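To convert, take the position in the sequence shown, counting from 1, and add 7; that gives this note's numbering.
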Amino acid sequence: MEVRLIEKGENKARFLVKDITPAMINSIRRAIIEDVPVLAIETVEFVKNDSAMYDEMIAHRLGLLPITTDLKSYSLPEECTCKGAGCSRCQLKLTLKKKGPCTVYASDLKSSDPACKPAFPEMPITKLMNGQELELTATAILGRGKQHAKWSAGHAYYHNRAKVSVKKQPSKDIADRIVKSCPKKIFVMKNGKLEVDKERVMECTLCEQCINIDDKSLALEPLKNEYMFYVESFGMLPLKEMINEALVQLGLMCKEFKEGIKGI
Ligand SMILES: [Zn+2]
């Protein structure tokens with residue numbers, strides 16, 4: 008297997024992966040989306056809510072706030088030593104107390120653990136008019152994306168790399184239309200000839216816009232077992248930690264399977 012980093016931003020990255028089976032790359036994608044445990048608010052106790060929003064709506068908004076997660080300090084409620092009763096190892100408490108007029112932001116939630124707090128402080132929760140008050144205590148627990156999307160650590164997707172070639176030169180008019188049709192700009196005109204840009208061709212997502220214009224002059228096919236893999240963290244975990252944790256979770260599942268077939 009060959010993995011090459013193509014692009015890296017603060018929270019997202021793009022890899023070129025060669026010699027991997029569709030089943031394997033899909034398992035990694037699913038593990039990133041569904042199996043990485045992260046913190047999210049699960050219960051909210053309201054003391055006061057004078058805002059225009061119902062308690063349920065505010066609770067729903069709070070649930071979707073990404074919370075930076077310290078995986079070493081917390082365990083899943085079902086795996087905790089308290090057996091799910093609730094303790095400082097499996098629960099994070101956050102409190103909020105605001106009086107209007109103001110906009111209540113994620114940063115107004117005060118966390119009991121400085122390592123675990125809203126990842127994007129400027130996210131708005133609600134607005135309070137003059138004299139209105141909002142006071143609540145929220146409890147965040149670890150969970151997985153397969154239980155609820157709020158526990159999804161990030162997003163991952165991929166597509167086959169494409170092989171694009173010019174079989175025979177089209178007329179000038181059609182060549183111009185092909186150049187314009189590609190949203191990824193992989194075609195160029197060089198000395199009056201239609202060519203495929205060797206670097207840009209990596210961006211091809213097999214949208215087939217070009218071949219819809221003229222399928223006689225172009226050849227387009229997916230490269231087997233060669234993928235462009237995109238991954239993005241929602242902010243709960245740094246990108247690298249999220250990918251590593253997904254791979255750890257995959258390993259744990261294989262180990263569980265191995266234990267299961269011991270008796271056979
Ligand atoms: Zn516990």
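Note that the Cβ used here is the ideal one computed from N, Cα and C, for glycine as well.
On a predicted model such as this, the values are computed, not experimentally measured, just so you know.
Any idea if residue i is buried or exposed, counting beta-carbon neighbours within 10 angstroms, 16 or more meaning buried?
i, result
"ALA122", "exposed"
"GLU49", "buried"
"THR110", "exposed"
"ILE268", "exposed"
"MET8", "exposed"
"LYS79", "exposed"
"PHE264", "exposed"
"CYS211", "buried"
"ILE65", "buried"
"LEU83", "exposed"
"LYS15", "exposed"
"GLY242", "buried"
"SER178", "exposed"
"LYS205", "exposed"
"LYS90", "exposed"
Enumerate in chain order the residues of its own chain whose CB-to-CB distance from residue i is below 6 Å, with the five nearest sequence positions on each side excluded.
i, result
"ILE13", "ARG21, LEU23"
"LYS170", "GLU228, LEU230"
"VAL43", "ALA160, MET249, GLU252, ALA253"
"ARG184", "ILE220"
"SER114", "PRO128"
"LEU101", "LEU116, SER118, ALA145"
"GLU142", "VAL54, LYS55, LYS104"
"ARG68", "ILE132"
Find out if the Cβ-Cβ distance for the pair residue i, residue j is shorter than 8 Å.
i, j, result
"LYS55", "GLU140", "yes"
"PRO125", "ILE74", "yes"
"LEU244", "VAL10", "no"
"GLY190", "LEU213", "A quick correction: the sequence has Pro, not Gly, at residue 190. For PRO190 and LEU213, no; Cβs fall outside 8 Å."
"SER34", "LEU257", "yes"
"TYR165", "TYR81", "no"
"LEU116", "LEU135", "no"
"ASP26", "ASN167", "no"
Considering only residues of the same chain and omitting the five flanking positions on each side of residue i, which have a CB-CB separation below 7 Å?
i, result
"CYS94", "CYS87"
"VAL203", "VAL171, SER172, VAL173, ILE193, PHE194"
"ARG207", "LYS191, LYS192, ILE193"
"GLU17", "none"
Using CA coordinates, which residue listed in the options is at the minimum distance from residue i?
i, options, result
"LYS153", "VAL195, ILE40, PRO84, LYS19", "ILE40"
"ARG37", "PHE236, ALA145, LYS175, PHE53", "PHE236"
"LYS187", "GLU142, CYS217, ASP221", "CYS217"
"ALA145", "LEU99, ILE193, TYR234", "LEU99"
"ALA163", "LYS134, GLY91, LEU246, LYS79", "LEU246"
"LYS200", "MET209, CYS211, LEU72, SER172", "SER172"
"SER119", "THR133, CYS97, GLY138", "CYS97"
"LYS19", "GLU239, MET60, GLU266", "GLU239"
"VAL51", "GLU266, HIS155, GLY70", "GLY70"
"THR76", "SER114, GLU17, ILE148", "ILE148"
"LYS223", "ALA59, ILE181, VAL208", "ILE181"
"PRO108", "GLY138, ALA92, PHE194, CYS89", "GLY138"
"GLY150", "LYS262, GLU17, GLY270, ALA47", "ALA47"
Considering only residues of the same chain and omitting the five flanking positions on each side of residue i, which have a CB-CB separation below 8 Å?
i, result
"GLN176", "ALA182, LYS200, LEU201, SER224"
Taking 8 Å as the CB-CB cut-off, is residue i touching chain C?
i, result
"LYS55", "Looking for chain C here will not work: only one protein chain is present."
3 or more residues per run - each beta strand (DSSP E) lying fully within the region 99-153: 99-106, 109-112, 131-135, 140-150
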